[in-house]
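Participant:
Residue numbers (this note's numbering): 1 to 144.
1. Counting Cβ pairs closer than 8 Å, one from the segment 120-131 and one from the segment 37-53, do we hit at least three?
2. Between which two residues does the beta strand (DSSP E) harbouring residue 24 extend?
3. Say whether chain C places a C-beta atom closer than 9 Å to the C-beta of residue 57.
4. Between which residues of its own chain and residue 85 is the CB-CB distance below 8 Å, once the five residues before and five after are set aside?
5. Based on Cα-Cα distance, which residue from 32, 75, 5 lies nearest to residue 52?
6. Taking C-alpha atoms, which residue in 137, 138, 123 lies nearest to residue 24?
7. Find the nearest neighbour of residue 121 within the set 36, 15, 88, judged by alpha-carbon distance.
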């Protein structure tokens, strides 16, 4: 059996709005505050005029408010308790994309990886019912 020792990778930052059945995503080479700032800026352009987005975040270092994280005025970050990924609707999105579009595949180049991520994301956001079914949480109640 031959072992594949390639280690090229990328990161797909994504967010969805189940109510409007839309999403915003970016493919970037690393997970850090710089990437999160770019993603927040992209999300802010997708928020409906006059609306405010509540962005559910886990405890990753680049999700933490601080001097370097720039949160647009139309977004509020909601930090989840530690070890509670089941509360984050995006975890279901990532599971769905991995199982249906990104599993058991090997790509030869970074560009091929980025293209696969792009195609997977478009598969998701081009079907509003899919976004709603994966991301909607009618049992969630958030008091800010």
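For glycine and all other residues, C-beta sits at the position ideal for the given N, C-alpha and C. Just so it is clear, the structure is predicted and the values come from calculations on it, not from any experiment.
Facilitator: Straight from the coordinates:
1. no
2. 22-28
3. The structure shown has no chain C; it contains just one protein chain.
4. 58, 91
5. 75
6. 123
7. 15
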